Amino acid sequence: MTKYFMLFFFLTTFSMSAFAGESAVDAALPAGSIKARFSKIRNTKGELIVSLFNKKEGFPVKSAKAFAKKSLQANDPNGEVVFENVPYGSYALSVFHDENSNGKVDSVFLISIPKEGVGCSNNPKSRFGPPSFNDAKFTLDSREVVLNIDLKYL
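Quick look at the structure:
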């Protein structure tokens with residue numbers, strides 16, 4: 540009887556430690572933070588809408604498809620936002636200055652040139668149309684990545 544009890548005890552202990560190890564591995568997945576610093580904010584009207592994308596779908600203006608989204612008041616010629624506990628990987632960040640607080644990038648009538656300030660990670664040069672995900676892509680592979688983004692206005 541003692542033999543069966545010992546067998547039961549060791550099997551139970553072993554199986555419990557296996558489950559505990561599994562959750563510890565999940566908790567240990569590498570993650571870091573992304574700090575985005577914004578400069579050249581034209582005025583203190585409205586807010587900055589910041590979207591973090593982990594795929595090209597929706598980039599740069601469809602924030603509903605973003606991996607994460609934050610907003611901050613446009614109180615300064617400079618601003619900063621931090622995304623924490625972000626899994627390591629490739630991302631692109633976009634920001635727009637929603638001066639009239641309507642939740643969308645306003646553009647010049649019939650042409651899709653933004654009237655409000657916009658910016659992206661890597662500060663890609665504007666060509667015809669918005670930058671691609673690949674132009675703005677960066678890699679989070681350390682505890683913190685710092686991005687410096689200049690807003691551009693029409």
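For the sequence shown, the residue numbers in the working numbering are 540 to 693. Idealized CB from N, CA, C, for every residue including glycine. Computed from a predicted structure; not experimentally measured.
Own chain partners of residue i with C-beta closer than 8 Å, once the 5 adjacent residues on each side are dropped
{"i": "isoleucine 580", "result": "Leu587, Ala613, Asp615, Pro616, Asn617, Gly618, His636, Gly656, Leu690"}
{"i": "glutamate 683", "result": "Gly571, Ser572, Ile573, Lys574"}
{"i": "lysine 608", "result": "Ile588, Val589, Ser590, Leu591, Ser602"}
Residue i versus residue j - alpha carbon distance
{"i": "valine 644", "j": "leucine 686", "result": "22 Å"}
{"i": "phenylalanine 648", "j": "serine 602", "result": "22 Å"}
{"i": "valine 564", "j": "proline 626", "result": "Residue placement at valine 564 cannot be trusted, given a pLDDT of 42 that sits under 50; what the coordinates show is reported in the next sentence. Spanning the two alpha carbons is a distance of roughly 14 Å."}
{"i": "phenylalanine 622", "j": "arginine 576", "result": "12 Å"}
{"i": "phenylalanine 667", "j": "valine 620", "result": "28 Å"}
{"i": "asparagine 593", "j": "valine 600", "result": "14 Å"}
Beta-carbon contacts of residue i that lie in its chain and below 7 Å, excluding the five residues immediately before and after
{"i": "serine 660", "result": "Ala631, Leu632, Ala675, Phe677, Leu686, Ile688"}
{"i": "leucine 568", "result": "Pro626"}
{"i": "asparagine 624", "result": "Ala570"}
Terminal residues of the beta strand (DSSP E) in which residue i lies
{"i": "phenylalanine 598", "result": "Unbroken run through phenylalanine 598: none, as it is neither H nor E."}
{"i": "aspartate 689", "result": "683-689"}
Residue span of the alpha helix (DSSP H) that contains residue i, given as start and end
{"i": "phenylalanine 648", "result": "Here phenylalanine 648 belongs to no alpha helix (DSSP H), and DSSP marks it neither H nor E."}
Within 9 Å, strictly: CB atoms of residue i and residue j
{"i": "lysine 664", "j": "leucine 693", "result": "no"}
{"i": "glycine 597", "j": "leucine 679", "result": "no"}
{"i": "asparagine 639", "j": "lysine 584", "result": "yes"}
{"i": "lysine 486", "j": "serine 651", "result": "No statement about residue 486 is possible, as the shown extent of the chain runs from 540 to 693 and does not include it."}
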